[in-house]
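Numbering (the working numbering), first residue to last: 1 to 136.
Structure representation (structure tokens):
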């Protein structure tokens, strides 16, 4: 039974990652098209920067919900590993330790995973850009 639960939790984490990746692609494409329209068409006014700000705020909200779901499934997986493998073996060989080993240098410095970085830092960078374009 535990092996089946483990596989289900692992599949749920993978599904959340895929959904997150698909949403991130859409977010980047839409932001790029809107930025291109500001640069090429030079539409006067505040419409596109305002839409960009709204899009980024929505992305921050949706991204944080996706990250919460991902973290919930990961925490459940870690609990199951601790029950199945034991506390010490789970910490040495479990999914949490394996994830942390593959962090890039920025992730090791900040303690943020790639998913957390994409959830918060990238939309905030776009948000700052849209605010700048709105007030200039």
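Beta carbons are placed, not taken as given, at the ideal position from N, Cα and C, and that holds for glycine.
What residues in its chain sit with their C-beta under 7 Å from that of residue i, if we drop five residues either side in the sequence?
i          : result
residue 48 : 34, 37, 38
Could you tell me the distance, in whole angstroms, from the CA atom of residue i to the CA atom of residue j?
i           : j           : result
residue 5   : residue 75  : 13 Å
residue 40  : residue 116 : 32 Å
residue 119 : residue 60  : 7 Å
residue 15  : residue 123 : 22 Å
residue 81  : residue 114 : 23 Å
residue 131 : residue 68  : 27 Å
residue 30  : residue 18  : 18 Å
Nearest CA to the CA of residue i: which residue from the options?
i          : options          : result
residue 8  : 125, 46, 77, 120 : 77
residue 57 : 136, 129, 135    : 129
residue 32 : 66, 133, 50, 126 : 126
Of all Cβ atoms in chain D, is any one closer than 8 Å to the Cβ of residue i?
i          : result
residue 20 : You won't find chain D in this structure, because it holds only one protein chain.
Assuming residue i and residue j are in contact, meaning their beta carbons sit under 8 Å apart, how far apart are those beta carbons, in whole angstroms?
i          : j           : result
residue 70 : residue 121 : Their Cβ separation, rounded to whole angstroms, is 16 Å, which puts residue 70 and residue 121 out of contact at 8 Å.
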